[in-house]
Every structure is written in structure tokens, then in C-alpha cells.
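Below is one structure, written out as C-alpha cells; the observations come after it.
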Amino acid sequence: MPAGDVLDAYRRETGLSDAVIAGTPAGAVPAGWPRDLFGEPHLHILRDVVLHVITETACHAGHLDAARELVDGRRRLVLT
Numbered sequence: 001m002p003a004g005d006v007l008d009a010y011r012r013e014t015g016l017s018d019a020v021i022a023g024t025p026a027g028a029v030p031a032g033w034p035r036d037l038f039g040e041p042h043l044h045i046l047r048d049v050v051l052h053v054i055t056e057t058a059c060h061a062g063h064l065d066a067a068r069e070l071v072d073g074r075r076r077l078v079l080t
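Start counting the sequence shown at 1; every next residue gets the next number (the numbering used here).
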């Protein structure tokens, strides 16, 4: 998939997330949780979910940056 398509899809998904977050109180309990896949929820309110997504995004961006450094030798990828 071309990079532009990946970024477009990511932007669409973040737009949907932004709309849900804007219309939901931070203390709201998630509407659904796939207990059959993941057991009992460990993210109990929207605030927990948002913080988890921020942490995971930062972590995976760091992994991507480390891999890129191995390829091109440059340091510091800035994601905008």
C-alpha cells in the first residue's frame, strides 16, 4: 500500500476517534469490550483508553524510528 494511502487511512480513523472522544465524557465506561478475546477489561473509562492509545502510538513510533535509523543512519524521525 502506498504511504499516502496509509496516511489517509490513519487520518480517517483518527477523525472518527476524535468525533467519539469529543462527544463522550472522559469518565465514560467503554460501550463494548470483547471479553471472549481479551477477558475482563483493563481500560475502565475513556480517559484510560485515550492514554493507552497515546502511549502505544509513541512506543510504536519509537520502534519505527529505531528501524529507520538502522536503514539510513540518520537520527530522529519527526512525525507530523
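Ideal Cβ positions, reconstructed from N, Cα and C, are used throughout, including at glycine.
Practice task
Using a threshold of 9 Å, state whether the C-beta atoms of Ile54 and Gly27 are closer than that.
Solution key: On the sequence shown, position 54 is the one that residue 54 refers to. On the sequence shown, position 27 is the one that residue 27 refers to. Cβ distance not < 9 Å, so Ile54 and Gly27 don't count as in contact.
Exercise for the section: Alpha carbon to alpha carbon, how far is Ile21 from Arg11? Give it in angstroms, no decimals. Expected result: Translated into the one-based positions of the sequence shown, residue 11 becomes position 11. Translated into the one-based positions of the sequence shown, residue 21 becomes position 21. Taking the straight line from one Cα to the other gives about 15 Å.
Practice task
Check whether the Cβ atoms of Pro30 and Leu43 lie closer than 9 Å to each other.
Solution key: The residue you call residue 30 lines up with position 30 of the sequence shown. The residue you call residue 43 lines up with position 43 of the sequence shown. In contact: Pro30 and Leu43 (Cβ atoms closer than 9 Å).
Exercise for the section: State the start and end residues of the unbroken alpha helix (DSSP H) segment that holds Gly62. Expected result: Start at 1 with the first residue of the sequence shown, and residue 62 comes out as number 62. First-last of the alpha helix (DSSP H) with Gly62: Leu46 to Asp72.
Handout entry: Distance between beta carbons of Trp33 and Pro41, contact taken as under 8 Å
Key = Here the question's residue 41 lines up with position 41 in the sequence shown. Here the question's residue 33 lines up with position 33 in the sequence shown. Right, their Cβ atoms sit about 4 Å apart.
Exercise for the section: Specify, as a first and last residue, the run of the alpha helix (DSSP H) that Gly4 falls within. Expected result: Along the sequence shown, read from residue 1 onward, the residue named residue 4 stands at position 4. Counting along the chain, the alpha helix (DSSP H) containing Gly4 begins and ends at Ala3 to Ala22.
Handout entry: Residues near Leu51 by beta carbon distance below 7 Å, same chain, minus five either side
Key = The residue labelled residue 51 in the question sits at position 51 within the sequence shown. Closer than 7 Å at the Cβ level, and outside the excluded window around Leu51, lies no residue.
Practice task
Could you tell me the distance, in whole angstroms, from the CA atom of Gly73 to the CA atom of His63?
Solution key: On the sequence shown, residue 73 is found 73 positions in, with the first residue counted as 1. On the sequence shown, residue 63 is found 63 positions in, with the first residue counted as 1. Roughly 15 Å between the two C-alpha positions.
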